[in-house]
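What follows is a single structure, written as C-alpha cells, with notes after it.
Numbering (full-length UniProt numbering), first residue to last: 1 to 545.
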C-alpha cells in the first residue's frame, strides 16, 4: 500500500491475497484495533472500511481525531477506561455507529447531538459524572441496551420513555428518587436494574412490562412490596434486598415463573403462606431479617435448591422442610434453634449445611441420611455428643465443630475417608488434628479423642478466631487444593507388633484412664513422663487430586 493511502499513525496488515479480508490493524500505541478492512484504492480503487475501533485503556484525554476518518463505516467504538472529559461534535457524525462504549471516563454530560446517532443500539456510559440524559435521546429509537450505572443521575426525562426498543436498562448506583409515570411504555424491557438508588415506589404503569424477566430493586428505600409487581407474571429474578420491608404479602405467590428471590437485609417479621405459589422458585434468600418462624407451606417449593434463613430469630424449622428434595444449600446460622427436625434426613440432595451460632444440644440421628453433604458447619452451639449416624455422611470434606461441648467423637468418624478439614477449636492452627481411639468408661464403646477434648465453651465474646471467617462455600470450591485424610486405626493386635515403634508420652485421658497423646505440645504432669512403645493411630495425608 502506498504512503499516501495509509491513514496517519495506523499500520495496516494486508492479507497476501488481495481479495481476502484483513482481520485486524495495529495502532502505534500497540493497542489492537479490531476491524474489517478492504485493500486500499491503490489496488482496488476503494477506500479502507473500518467497522470496529478499540481505544480502551489508552490513557486518552480526548477522542482520537483519526476516528473521524471512518465516520461512514464505523459501527463499534470502544473508549473504555480513559480520562476523556468531553465528546466532540464530530463524533456524532458517525451515523453508522451501532455500539458506543465509554465507561470509566470523566464525562460530565451527554451532548444533545447524540440524537444524530439514529442507528445506535448499545450505549455504555457507566462510571462517569453524567447528571442527566438529554430529552432528545428519544431520537435514538434503535437503542436496545443502555448501561448508565454509577452516575449522579437524579431523574429520567420523559423522552427516555420513547425508547420503545429498549430491552436492557442498567441504572444502578445513581440518585434516582422516582421513575417517570409512563415508564411502562418500555414494554420490551427484559432486564431492569435499579439497585442502590433512593426509590420508594414504582409507577403503576410498570405492569405493562410484560416481558420483564429480571428486576433488581436492591438497596433502595422500599417499606412495602410494590403491589404492581404481582402483575409482572413473566418475572424470573427479583432482588429486593437491603430495603425496609416488614412483611411479604400473599400477592408474591402470583409470580409463578419466579426462580430467584432475594429478600435479605430487611425487617421482615412474617412470610405469608402464599409464598408456596412461587412454584418455580429455586433460590430463596431471607438472611438478616426478623423472622420468628417459617410457614409450613415452604415445603411446597419443590424446586428450591438454595434456602438461606441465617441471622433471624427462628426458634425452629418446620417439619415440611424435609419435602425440599432438591435442596442443595441450607443456611440457618445465627438463629435461636434448639433442635433440628428429624425430617432433615430427607434432604438427600443437600451439599452444604450451616447451623452456626444456635442453641443445638444434639443432632437428629436422621442427619446421617444426608449422604451428599460435603460441607457442614455447626460452630458455636451446645452440642455434647454427635450421633453415630454421622459416619454415614461419607462425602464430608469440611466439618466445623468448634466452640461446642463435645467430650469426644463417635468412632464412626473413621468412615469419613474424604474429610479434609475438621475444626474442633476456635484457635486451631491446622485444619487436621490427629485423633486416637479410647474406650468410654461407662459404655465401653470405642470413641475418638485428642487433647482438645472435652471442649470448653468460649466465654470471651470479643475473641476473634480463624474459624469466625469460616466460609463453607469457599472450602467446597477450593477442595482440589486442600488435603484429604484417611483414618487408619490399627487393631490391638497390630499395636502389639514391634515394627515401626515410636516414642510417645503417656497422659491421662478425659475419662481418667491412661491414653496416648499424639500432640507434642501438651503439658504433662510428672507422673506422665514415662515413655512407651506403641503404634499411634494416625492420619495418612495425601494431596487431593
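Note that CB positions come from ideal geometry on N, CA and C, so glycine has one too.
Residue 255 is positioned such that its CB atom lies no closer than 9 Å to that of residue 217.
Cβ neighbours of residue 342 within its own chain (closer than 6 Å, five residues either side excluded): 364, 366. For residue 375, the three-state secondary structure derived from DSSP is strand. Ranked by how close their Cα comes to the Cα of residue 88, the residues 66, 98, 75 have 66 in first place. Of the candidates 60, 284, 422, 456, the residue whose Cα lies closest to the Cα of residue 382 is 456. Counting only the Cα atoms, residue 107 lies some 20 Å from residue 143. Of all C-beta pairs linking the stretch 385-395 to the stretch 425-443, fewer than three are shorter than 8 Å, placing the two stretches out of contact.
For residue 344, the closest C-alpha among the options 359, 337, 322 is that of 322. Residue 71 is positioned such that its CB atom lies no closer than 9 Å to that of residue 52. Secondary structure at residue 354: strand, using DSSP grouped into helix, strand and coil. About 12 Å separates the CB atoms of residue 327 and residue 309; that is not less than 8 Å, and the two are not in contact.
Residue state for residue 344 is assigned as helix, using DSSP reduced to three classes.
By the neighbour-count criterion, in which a residue is buried when 16 or more other Cβ atoms sit within 10 angstroms of its Cβ, residue 379 is buried. By DSSP's assignment, residue 400 forms a beta bridge with 377, 423.
In the DSSP assignment, residue 190 forms no beta bridge with any residue. According to the DSSP secondary-structure assignment, residue 248 is paired through a beta bridge with 271. Its chain contains 247 as the residues whose beta carbon lies nearer than 7 Å to that of residue 270, once the 5 sequence neighbours on both sides are disregarded; these appear in chain order.
Closest by C-alpha distance to residue 195, out of 359, 213, 219, 210, is 219. In this structure residue 265 is buried. Its beta-carbon is surrounded by 16 or more other beta-carbon atoms within 10 angstroms.
Short of 8 Å from the beta carbon of residue 162, and not among the five residues preceding or following it, lie these beta carbons of its own chain, in chain order: 138, 141, 185.
A Cβ-Cβ contact shorter than 9 Å links residue 435 with residue 448.
Secondary structure of residue 144 (DSSP, three-state): coil. Contact between residue 241 and residue 263 holds, since their C-beta atoms are separated by about 6 Å, short of 8 Å. Residue state for residue 306 is assigned as strand, using DSSP reduced to three classes. Bounds of the beta strand (DSSP E) holding residue 52 are 52-54. Of the candidates 96, 418, 212, the residue whose Cα lies closest to the Cα of residue 236 is 212. Annotated three-state conformation of residue 446 is strand, per DSSP. In chain order, 314, 315, 316, 317, 355, 358, 359, 360 place their CB closer than 8 Å to the CB of residue 337, counting only its own chain and leaving out the 5 sequence neighbours on each side.
Residue 214: member of the beta strand (DSSP E) spanning 214-216, first to last residue. Taking C-beta separations shorter than 8 Å and ignoring five residues to either side along the sequence, the partners of residue 285 in its chain run 241, 261, 262, 263, 264, 306, 308, following chain order. By alpha-carbon distance to residue 349, the top candidate from 333, 375, 340 is 375. With 16 or more neighbouring CB atoms inside 10 Å of its own CB, residue 126 falls in the buried class.
Annotation: the continuous beta strand (DSSP E) that includes residue 78 extends over 76-78. For the options 453, 174, 168, 147, the alpha carbon positioned closest to that of residue 155 is the one of 174. Put simply, of 386, 277, 152, 190 the residue whose alpha carbon is nearest the alpha carbon of residue 177 is 152. Between residue 68 and residue 91, the gap from beta carbon to beta carbon is short of 9 Å.
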